[in-house]
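Sequential numbering from 95 applies to the sequence shown in the working numbering.
Note that CB positions come from ideal geometry on N, CA and C, so glycine has one too.
Structure first, commentary second.
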Amino acid sequence: TTHIFFGSANPLTGAFPGNLAGVASGNGFPDGGAYLTPDNAASYVIFLDAVQATATAGIIGAGQSAMSASVSTNCPVTNVNTGETYPSLQAAINDPQTLDGHTIEIAPGDYTESGQIVVNKGLTINGTGADCGDVTIRPDANTGNSGDARGWWLVQPGKELNLSKLTLDGLGFLIYQAIRDKGFGTFDQICFKNIKYNESGPDYSGVAVAAFGVAAGSNVNISNSTFEEIGRIGVLYFGTGVDGSTFSDNVYTGKGAGNWLDYALDVSAGAIVSVTGNTVTNNKGVAASDGSTSAGVLATTFFGGGTTATITGNILTDNTTGIAVGFDGSDATTVMANNNDLSNNASFGVSNSNASNVVDATLNWWGDAAGPGAFGPGSGSQVAAGVTYCPWLDAAPPGGVAAAAPVKNIDTGEEFCSIQEAIDDSDTAPGHTIEVNPGTYYENVLINKN
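In structure tokens, the structure reads:
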């Protein structure tokens with residue numbers, strides 16, 4: 095603990111104590127001063143000016159420092175509501191005068207926080223710089239790899255944490271989860287860097303934000319943030335309490351090819367998330383341990399039903415898979431993915447582990463005006479079975495429009511996404527002609543009309 099004492103309520107230039115006998119008249123303080131004892135080690139005594147401070151420095155006691163009022167201690171953290179300043183963020187949080195609803199500001203600089211940062215109050219914490227690059231916070235130790243010890247930051251259940259304009263950089267330490275959030279809140283303009291925990295095995299981990307829905311409304315909304323050198327997952331949304339989170343206008347840059355994994359998002363265990371306006375690239379790693387591959391977005395019910403992801407207006411390119419739906423053949427994840435750029439993904443634009451659980455991936459750009467490849471008719475990023483892709487966009491959004499469907503009834507002028515759809519249409523009559531554009535179509539066709 096740092097103690098700060100003032101030499102006098104009304105100090106006089108040139109007046110300084112000749113001894114430390116308390117408030118006796120000989121101490122040079124006209125209206126009383128601080129009574130210092132050896133118990134006040136690691137404290138500061140503030141005088142009017144440098145003359146007083148210099149003259150007093152040698153007699154105020156071991157472990158104590160004299161300074162003039164024109165010099166400030168390193169207290170870059172301020173509680174805006176109380177006006178108090180602190181040498182560290184955790185000190186500000188722990189202060190009994192810091193209450194739910196208060197705002198804490200951090201001045202520009204590069205700071206190391208000791209141990210786990212525990213947020214047990216509803217707080218707003220803002221950097222006061224122009225953007226996230228002006229205020230950097232670093233750990234001084236590895237996190238654990240089980241339970242709440244995994245979190246460098248730990249947000250307690252029911253507590254609101256709002257963050258803005260900060261960089262969280264785990265360089266040099268093993269960070270399992272940068273923020274383990276059991277509460278709710280909004281993160282805006284946060285730069286996550288070097289959040290890794292043995293990313294090349296055996297753990298294959300490192301999560302920037304783990305948002306656990308421990309209660310209804312446990313939504314963590316993240317916007318205008320960046321993720322780089324992340325061990326595995328940008329944001330893990332996990333649990334039914336995450337019932338309407340948003341992930342918007344963020345940039346996730348993967349680590350490229352290597353013995354590791356990258357997912358900008360992992361939506362799981364019944365979480366409901368809207369994913370809008372993000373750019374996700376270079377997620378190409380493959381885990382040597384089991385052959386798992388990377389994706390821009392992963393959504394699955396493997397850990398619990400009800401998982402829903404609405405994925406709109408994103409750039410998900412140059413990854414192994416743009417959107418990976420499901421983990422196994424019984425997965426029942428609901429995904430609606432529209433108006434995204436899914437071009438140049440090596441394996442799939444959209445994959446689906448359970449073809450009977452149909453995924454809506456219409457009106458996306460796959461990198462070819464003729465549509466997706468594999469189960470689609472074109473040569474763009476491949477689409478898996480059980481994914482509805484027609485109509486698709488004829489160019490990248492926002493400029494692309496719905497391309498002409500590949501199957502047409504010449505007699506009625508109607509267009510269709512499949513041969514069977516054209517045959518079954520009520521306007522298709524015996525004697526009509528159906529034309530099919532060049533491409534490969536995967537269908538079982540039943541012809542019950544001439």
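What whole-angstrom Cβ distance do residue i and residue j have, given they're in contact under 8 Å?
i	j	result
G238	Y270	7 Å
K309	F332	Note on residue identity: the sequence assigns Ala, not Lys, to residue 309. With 8 Å as the limit, A309 and F332 do not qualify as a contact, their Cβ atoms being about 13 Å apart.
N434	N408	5 Å
R274	L248	5 Å
V501	I513	6 Å
Y205	T230	7 Å
G348	S386	Not confirmed; about 14 Å, so no contact.
A186	N173	6 Å
D462	G443	Rounded, the Cβ-Cβ distance is 10 Å, inconsistent with contact.
L183	I211	6 Å
Are residue i and residue j close, meaning C-beta to C-beta below 8 Å?
i	j	result
W486	A479	no
D356	G371	no
T197	N220	yes
S312	G277	yes
F397	S362	yes
V345	V367	no
A235	F267	yes
G325	Y291	yes
G364	T334	yes
L359	V391	yes
S447	G416	no
T373	N413	no
T522	N538	no
P181	E207	no
S339	V303	no
A272	G279	no
A418	S445	yes
D518	E508	no
G203	P170	yes
E199	D189	no
Thinking C-alpha only, which one of the options is nearest residue i?
i	options	result
D297	V452, L260, R244	R244
G352	S339, V374, E323	E323
P524	E508, C511, K543	K543
V452	N438, T482, S441, A468	T482
L217	D225, D228, V539, Q191	Q191
N318	I284, T506, T522	I284
N438	T427, T411, N448, G470	T411
G533	D521, L540, L359, F469	F469
D384	W354, W246, T394	W354
L255	D204, I316, P466, D228	I316
S424	F442, D228, T394	T394
G399	E199, T414, V429	V429
F281	Q184, L330, P251, F341	F341
D228	A201, V212, I211	A201
C511	H526, G493, G348, A464	A464
L330	G300, T456, V212	G300
S441	G507, A449, W460, T456	W460
L260	D521, S445, Q250, A224	A224
C484	G472, V303, P492	G472
P491	P251, T406, G307, D242	T406
G195	G252, G474, I211	G252
A381	G507, E529, E178, G350	G350
Y535	E178, V174, V477, I289	V477
G307	E293, Q250, N531	Q250
N432	L193, D462, T527, T456	T456
S450	D422, D505, G467	D422
V530	N458, A516, D454	A516
G493	D505, P466, N458	N458
A489	D505, T506, P466	P466
Who are residue i's beta bridge partners in DSSP?
i	result
S362	F332, T394
Q607	Because the chain in this structure spans residues 95 to 544, residue 607 falls outside the shown range and cannot be described.
H196	L217
Y483	Note: Y483 sits in no beta bridge, so no partner.
S317	D282, S342
E322	K287, T347
V171	Y180, I200
F306	F332
G467	Q476
L262	I231, F286
I327	V301, Y357
D337	I366
A381	DSSP, once it has assigned bridges, lists no residue as partnering A381.
Quiz item: Along the chain, which unbroken stretches of the beta strand (DSSP E) at least 3 residues long are found entirely within the segment 208–259?
Solution: Counting whole runs of 3 or more residues, the segment 208–259 contains the beta strand (DSSP E) stretches 211–213, 217–221, 229–232, 245–249.
Practice problem: Let me know the beta strand (DSSP E) ranges lying completely inside the segment 407–462, each 3 residues or longer, listed in chain order. | Solution: Counting only runs of 3 or more, we get 409–411, 415–419, 428–432, 442–446.
Practice problem: Please list the segments of the beta strand (DSSP E) lying wholly inside the segment 505–540, counting only runs of 3 or more residues, in order along the chain. | Solution: As far as the segment 505–540 is concerned, its whole beta strand (DSSP E) runs of at least 3 residues are 528–530.
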